[in-house]
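Participant: In the numbering used here, the protein residues as written are 197 to 451.
Each residue gets a CB set at the ideal place from its N, CA and C atoms; glycine is no exception.
So that we are looking at the same thing, I have put the structure below in structure tokens.
So this is what it looks like as structure tokens:
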């Protein structure tokens, strides 16, 4: 039974018994791990700081190949992300970002870049920027690293060049943008050029800057939320609550 030592963010945790908890964590080098923390709820718990969602620390765990849960033997709390504990919007954003990560990758599949993106995004919730802008950065980083980034520069249906336009259509069945067929077309989402520009900036890795259209981040965030739900086959459990704190005027047009 291999013993691992790694850095981890607790995504979710549950009460397992009167004295123990289970936790779903994203680790830097070992991907998603489901952990059993025996005795974590005791007053003299050996786990420093206790186990709480949206915290970062160092774990030591025993992985049993035939078991669904690894056994947590050590937890050294190193960072508490305070914004989700002070702001309802940041709380929903933090949970949503954790859920996005857990739905786009599989257990034991390492993605250090997604781990780093999540840590940076949780820290960024302390900034004055709208939570949609922070979540948008994480959404794109997770999609790109997991191999689900949508096609933005070529027609996803034909593979040909995508001509500049005031609006485009996003076809989830084709995995990207296509020409806008106009309103009333089922199965596609109409997307403004400003939203597409914002997504292309993310795809190029451009340093985040305020968009010319203040609502572009919110619209892009909503569109990627819909795309993530389509890729995963279900909405992240916290999606509705998170989208509820984003201005409703940013809702993307759907055909």
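Suppose only complete runs of 3+ residues qualify. What are the beta strand (DSSP E) ranges in the segment 350-395, listed by chain order?
Facilitator: With a minimum length of 3 residues, the continuous beta strand (DSSP E) runs that stay inside the segment 350-395 are 363-367, 372-375 and 385-388.
Participant: Mind pulling the beta strand (DSSP E) runs of 3 or more residues that sit fully within the segment 265-332?
Facilitator: The qualifying runs are 266-276.
Participant: When DSSP builds the beta bridges, which residues end up paired with residue 201?
Facilitator: Sequence index remark: in the chain shown, residue 201 carries index 5 (1-based). Answer is 256.
Participant: Are residue 232 and residue 268 touching if we call contact CB-CB under 8 Å?
Facilitator: For the purposes of this step, residue 232 is taken as the residue at position 36 of the chain shown. For the purposes of this step, residue 268 is taken as the residue at position 72 of the chain shown. Yes; because the gap between Cβ atoms is below 8 Å, this pair is in contact.
Participant: Measure from the C-beta of residue 426 to each C-beta in chain D and report whether the shortest distance is under 8 Å.
Facilitator: Among the chains in the structure shown there is no chain D, since it carries only a single protein chain.
Participant: Between which two residues does the alpha helix (DSSP H) holding residue 437 run?
Facilitator: In the chain shown, the residue the question calls residue 437 occupies position 241. Taken as a continuous stretch (DSSP letters only), the alpha helix (DSSP H) holding residue 437 covers 435-439.
Participant: Ordered along the chain, which non-local residues of its own chain (more than five positions away) have a Cβ less than 6 Å from that of residue 279?
Facilitator: What you label residue 279 is simply residue 83 of the chain shown in a count that begins at 1. Within the same chain, residue 279 has close Cβ partners 286, 321 and 322.
Participant: At the level of alpha carbons, what is the spacing between residue 449 and residue 199?
Facilitator: Locating residue 449 in the chain shown gives position 253, counting from the first residue. Locating residue 199 in the chain shown gives position 3, counting from the first residue. With a pLDDT of 48 at residue 449, under the threshold of 50, the modelled position of that residue is not reliable, and no figure is offered here.
Participant: Can you tell me whether residue 391 is buried or exposed, with buried defined as 16 or more other CB within 10 angstroms of its CB?
Facilitator: As a position in the chain shown, residue 391 is number 195, starting the count at 1. It is buried - the Cβ of residue 391 has at least 16 other Cβ atoms within 10 Å.
Participant: How many whole angstroms separate the CB atoms of residue 227 and residue 307, which I take to be in contact at a CB cut-off of 8 Å?
Facilitator: Counting from one through the chain shown, the residue named residue 227 turns up at place 31. Counting from one through the chain shown, the residue named residue 307 turns up at place 111. Contact flag correct, Cβ pair sits at about 6 Å.
Participant: Rank 299, 237 and 334 by C-alpha distance to the C-alpha of residue 430 and give the top, closest one.
Facilitator: Stepping through the chain shown from its first residue, residue 430 is reached at position 234. Checked all of 299, 237 and 334; the closest Cα to residue 430 is 299.
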